[in-house]
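Colleague: Residue 124 in the working numbering sits at position 142 of the sequence shown, and the numbers go up by one each step.
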Amino acid sequence: MERATARQGAAPRNYPKGERRRAQIIEAAFTAFGQVGYRNASMVQLAAACGVSRAGLLHHFPTKESLLEAVLEERERQDDEHFFRSGAVNHDGLEYFASMIRLVAHNQANPLIVSLFAVLSSESTAADHPARPYFVTRYERARRQMQLAVDDLAHRGLLRPHVDPSGLAADLIAFIDGLQIQWLLSPDVIDMPDHLRTMLRSLISVELPQPDEQGPGHRGP
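#1: Between residue 80 and residue 191, which are expected to be in contact by the criterion C-beta below 8 Å, what is the C-beta distance as a whole number of angstroms?
#2: Between residue 122 and residue 128, what straight-line distance do the alpha-carbon atoms span, to the nearest angstrom?
#3: Using CA coordinates, which residue listed in 106, 157, 29, 182 is at the minimum distance from residue 132?
#4: Could you tell me the alpha carbon to alpha carbon distance between residue 98 and residue 51, rounded to whole angstroms?
#5: Quick check on residue 186: does DSSP put it in helix, strand or coil?
#6: May I have a chain-ordered list of the alpha helix (DSSP H) segments no shorter than 4 residues that lie completely inside the region 32 to 59?
#7: Ignoring anything shorter than 4 residues or poking outside the region 99 to 168, list the alpha helix (DSSP H) runs there in chain order.
#8: Where do the N-terminal and C-terminal ends of the alpha helix (DSSP H) with residue 73 fall, by residue?
#9: Hey, residue 175 and residue 83 are a contact pair by Cβ (cut 8 Å); roughly how many whole angstroms apart?
#10: Which of the three DSSP states, helix, strand or coil, is assigned to residue 96?
#11: If you measure between the beta carbons of residue 150 and residue 73, is that distance less than 8 Å?
#12: Tell me which residue opens and which closes the alpha helix (DSSP H) that residue 4 is part of.
#13: Do residue 106 and residue 113 count as a contact pair if the criterion is CB distance below 8 Å?
#14: According to DSSP, is residue 29 part of a helix, a strand, or is it coil?
#15: Report buried or exposed for residue 110, applying the criterion of at least 16 other Cβ atoms within 10 angstroms of its Cβ.
#16: Measuring alpha carbon to alpha carbon, tell me which residue in 164, 125, 135, 169 is nearest residue 153.
#17: Residue 89: buried (16+ other C-beta within 10 angstroms of its C-beta) or exposed?
#18: Suppose you measure from the CA of residue 70 to the CA of residue 60; what does that come to, to the nearest Å?
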């Protein structure tokens, strides 16, 4: 999905009424898909949650699939806002993983984001799920970007001697996704930024920037 399109997902405060209504519908769907999943959320229920008729909902989103696409684009926009807020993250491995901790901390402060991703990514393993192409592309991009960061650290001699950089990106993504599930189940026990920072310390031989250097939105290490 194109970044420019993704940034149309949520309407700024001063947008016309129609676009504000569109943003309200996306927000309601964001909540519903994160709580009960895509398949269990009906358009009638979503319309009621937004205070609009089904016809009004269909005016903005003719199909349930188009609404799901808008929700996923908004999820992507939120990631961009926090992950890339200090400018596009380049291939500097230290900057990349410091930003990753910041993003995980932001997600920990916003449970619905984590729930939405966990529910939809699990559902999308079904071959006929409309979000499957999105998640296939998202994971391919995530592995590619993270492996570039890992390779940069390896090239600079910043990985610990026991660390094999090949395939490390897939392992770290699996760690983060599994951490999110554990946190959803036991939020008072699991601190995602703490666990991620500890994991990265076992891999990287220098310290990443501390939380107070990462700006607001942190809750954790």
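Glycine included, every Cβ here is placed at the ideal spot set by N, Cα and C.
None of the values given here were measured: they were computed from a predicted structure.
Modeller: The structure says:
#1: 5 Å
#2: For residue 122 and residue 128, the gap between their C-alpha atoms comes out near 10 Å.
#3: 182
#4: Near 13 Å, if we compare the C-alpha coordinates of residue 51 and residue 98.
#5: Note: residue 186 maps to strand in three-state DSSP.
#6: 36 to 42
#7: For secondary structure counted as the alpha helix (DSSP H) over 4 or more consecutive residues, the region 99 to 168 holds these complete runs in sequence order: 114 to 137, 150 to 167.
#8: It is not in any alpha helix (DSSP H) - residue 73 carries neither H nor E in the DSSP assignment.
#9: 5 Å
#10: helix
#11: no
#12: -1 to 18
#13: yes
#14: Residue 29: helix per DSSP, three-state reduction.
#15: exposed
#16: 125
#17: buried
#18: Any answer about residue 70 is weak, because its pLDDT of 44 lies below 50 and its placement is not dependable; what the coordinates show is given next. Taking the straight line from one Cα to the other gives about 14 Å.
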